[in-house]
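Working notes, structure below.
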Amino acid sequence: NAGVTQTPKFRVLKTGQSMTLLCAQDMNHEYMYWYRQDPGMGLRLIHYSVGEGTTAKGEVPDGYNVSRLKKQNFLLGLESAAPSQTSVYFCASSSSGGTFSSTDTQYFGPGTRLTVL
Amino acid sequence: AQSVSQHNHHVILSEAASLELGCNYSYGGTVNLFWYVQYPGQHLQLLLKYFSGDPLVKGIKGFEAEFIKSKFSFNLRKPSVQWSDTAEYFCAVNAEGGSQGNLIFGKGTKLSVKP
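For the protein sequence lines, the chains are G and L, in the order given.
Anchor point for the first sequence: position 23 equals 9 in the working numbering, and the numbering is continuous, going up by one each time.
Anchor point for the second sequence: position 73 equals 418 in the working numbering, and the numbering is continuous, going up by one each time.
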């Protein structure tokens, strides 16, 4: 049981390039999330998904797109990278979210460090 | 809008000192509360969580937190810190009626423990 995995671990992009970050979970969780972590800012939610085929915007969605074609995968895309998107990106998953139950614990992946030059 | 405040940006302690990290949230309804820890270069790990019941919650590695509803607080404590507790600590809130599963994080508190 690997939990939540993310690829790649590190990436350097030039301004205007595109890339996709992959998040995979093997816990059969319904909910998945993408956060970015910046110094002094904590974690901010970019997008999330409440199930296969669904996505929703979080706090800071601009410049990002997501897709959840399979329950176990949640992709984060940057169509035209900007230096402001230099950050560490964390994916998380949870078994539920909307039901506000005692299982609503989010499990985090190891992160992807992205630098945009 | 819901928010979480962590009052201390950086705390420096010597080994064996006691620790208390403050966390306050702004939401008047039912909440789930979490403390996560991030060791240098690693991902976030759950330290403890409060959903209901006993407001004093015990977590891993000797940490505990107390939910005081009247003060909208969920402070993290440890009676005697170790050098290995050096990490960044994040308080988070999930509010009933909030966007589904959305955790609101504080900005984090860096803890440095001197050997």
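The beta carbon of each residue, even a glycine, is placed where N, CA and C say it ideally should be.
May I have the straight-line CA-CA distance separating G/GLY84 from G/LEU64, to the nearest angstrom? Locating residue 84 of chain G in the first sequence gives position 98, where the first residue counts as 1. Locating residue 64 of chain G in the first sequence gives position 78, where the first residue counts as 1. In this predicted model, G/GLY84 has a pLDDT of only 49, less than 50, meaning its place in the structure is not dependable; the value taken from the coordinates is given anyway. If you take the alpha carbons of G/GLY84 and G/LEU64, they lie about 27 Å apart.
Considering just the uninterrupted stretch of the beta strand (DSSP E) at G/ARG30, what are its terminal residues? Here the question's residue 30 of chain G lines up with position 44 in the first sequence. From DSSP, the beta strand (DSSP E) with G/ARG30 extends over 28 to 35.
Just to make sure I have the definition right: I need the residues of chain L whose C-beta is within less than 8 Å of the C-beta of G/PRO139. Which are they? Residue numbering for chain G in the displayed model covers -13 to 103; residue 139 of chain G lies beyond these limits and cannot be assessed.
Are the CB atoms of G/THR1 and G/ALA68 within a distance shorter than 8 Å? Taking the first sequence and counting its residues from 1, one reaches residue 68 of chain G at position 82. Taking the first sequence and counting its residues from 1, one reaches residue 1 of chain G at position 15. Result yes, Cβ atoms of G/ALA68 and G/THR1 sit closer than 8 Å.
C-alpha gap between G/SER73 and G/PRO47, whole angstroms: Looking up residue 73 of chain G in the first sequence gives position 87. Looking up residue 47 of chain G in the first sequence gives position 61. Cα to Cα, the separation comes out at about 14 Å.
From this set, L/LYS406, L/ASN439, L/CYS368 and L/GLY374, which residue's C-alpha is nearest L/LYS423's C-alpha? The residue labelled residue 423 of chain L in the question sits at position 78 within the second sequence. Nearest C-alpha to L/LYS423: L/LYS406.
Counting only runs that start and end within the region 369 to 433 of chain L, where is the beta strand (DSSP E) found for 3 or more residues in a row? 369 to 371, 376 to 383, 390 to 395, 401 to 403, 409 to 413 and 418 to 423
Mapping the DSSP letters down to three states, classify G/GLN11 as helix, strand or coil. Sequence index remark: in the first sequence, residue 11 of chain G carries index 25 (1-based). Three-state result, G/GLN11: strand.
Would you mind giving the Cβ-Cβ distance between L/VAL402 and L/ALA362, rounded to the nearest angstrom? I have them listed as a contact below 8 Å. Counting from one through the second sequence, the residue named residue 402 of chain L turns up at place 57. Counting from one through the second sequence, the residue named residue 362 of chain L turns up at place 17. That pair is no contact at about 22 Å.
Answer with yes or no whether the minimum CB distance from G/PHE(-4) to chain L is below 8 Å. Taking the first sequence and counting its residues from 1, the one referred to as residue -4 of chain G is at position 10. G/PHE(-4) does not count as touching chain L.
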